[in-house]
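In my numbering, the protein residues as written are 179 to 369.
Positions of the beta carbon are idealized from the N, C-alpha and C atoms, including for glycine.
In this text the structure is predicted, and so the values were computed from the model without any measurement.
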Amino acid sequence: MLAATVLGATPASAATFNVNYPVTGESVVAKTGSTLELGPGTLSTTVTTRTGGADLTGTLQLPPSQASFSVAGFIPVRATVTIIPTGPVTGTLVQGVVNAHAEAYIQLSNIWVAGVFYTPVGKECRTEQPVSIDMVSESNFTVFNGGTVSGTYTIPDFDNCTIFSWLLSSLVSGPDNTISLDLGRPVTPTT
Numbered sequence: 179m180l181a182a183t184v185l186g187a188t189p190a191s192a193a194t195f196n197v198n199y200p201v202t203g204e205s206v207v208a209k210t211g212s213t214l215e216l217g218p219g220t221l222s223t224t225v226t227t228r229t230g231g232a233d234l235t236g237t238l239q240l241p242p243s244q245a246s247f248s249v250a251g252f253i254p255v256r257a258t259v260t261i262i263p264t265g266p267v268t269g270t271l272v273q274g275v276v277n278a279h280a281e282a283y284i285q286l287s288n289i290w291v292a293g294v295f296y297t298p299v300g301k302e303c304r305t306e307q308p309v310s311i312d313m314v315s316e317s318n319f320t321v322f323n324g325g326t327v328s329g330t331y332t333i334p335d336f337d338n339c340t341i342f343s344w345l346l347s348s349l350v351s352g353p354d355n356t357i358s359l360d361l362g363r364p365v366t367p368t369t
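And the structure:
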């Protein structure tokens, strides 16, 4: 009954259950052309069924990642990237398709240029506004097996990065960045 309800049948009454997914993935930053590996982390969701589908809320936890890219085509830059959520992941499940929304700051730290020059950006170097990300599940996704969700997003300008805010913004900030998260097979859902 529960599986049929979540996959689109009309429920006799609403049901709520929890699903916890292991998460890995990647994001490609358009300006630098670099790929940021994400995870392994977790997405802990609460699914509430309703007529025609379900509503989702969840908490995404990802560890800091290492980003590498080149400036002017030959100067290597390395930085630690931390995703700081500003609230829960929210979304809907309708006819087997998940539409999800998340907002988070992108924080940069431990920036090294050419492997030898440490760039002191301070402890509060992050996007001046939260990044807003809308994701849609791909055809391989099911609630009980996981799958892939993906989307695009814009990176706002950076702030509180000492004298380097303008430089980081010019190198990294902008539209058309992509994200793809692979949600692994979840632990058994509980009611």
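Counted as a single uninterrupted DSSP element, the alpha helix (DSSP H) harbouring residue 349 occupies residues 343 to 350. Taking C-beta atoms as the reference points, residue 200 and residue 362 count as a pair closer than 8 Å. The C-beta separation of residue 266 from residue 282 comes to about 11 Å, leaving the pair out of contact by the 8 Å criterion.
For residue 245, the closest of 223, 204, 219 and 274 by C-alpha to C-alpha distance is 204. Close CB contacts of residue 323 within its chain, under the 6 Å cut and outside five residues either way in sequence, are with 363 (chain order). The beta carbons of residue 293 and residue 313 sit no closer together than 8 Å. With respect to the 8 Å criterion, residue 263 and residue 306 are not classified as neighbours on the basis of their beta carbons.
Excluding the 5 residues flanking it on each side, residue 210 has same chain C-beta neighbours closer than 6 Å at 247, in chain order.
By DSSP's assignment, residue 293 forms no beta bridge with any residue.
Relative to the Cα of residue 343, the nearest Cα in the group 193, 268 and 298 belongs to 298. Close CB contacts of residue 202 within its chain, under the 6 Å cut and outside five residues either way in sequence, are with 217, 218 and 360 (chain order). Each of 315, 310, 254 and 261 was checked against the Cα of residue 212, and the nearest Cα belongs to 254.
For residue 232, the enclosing beta strand (DSSP E) covers residues 231 to 239.
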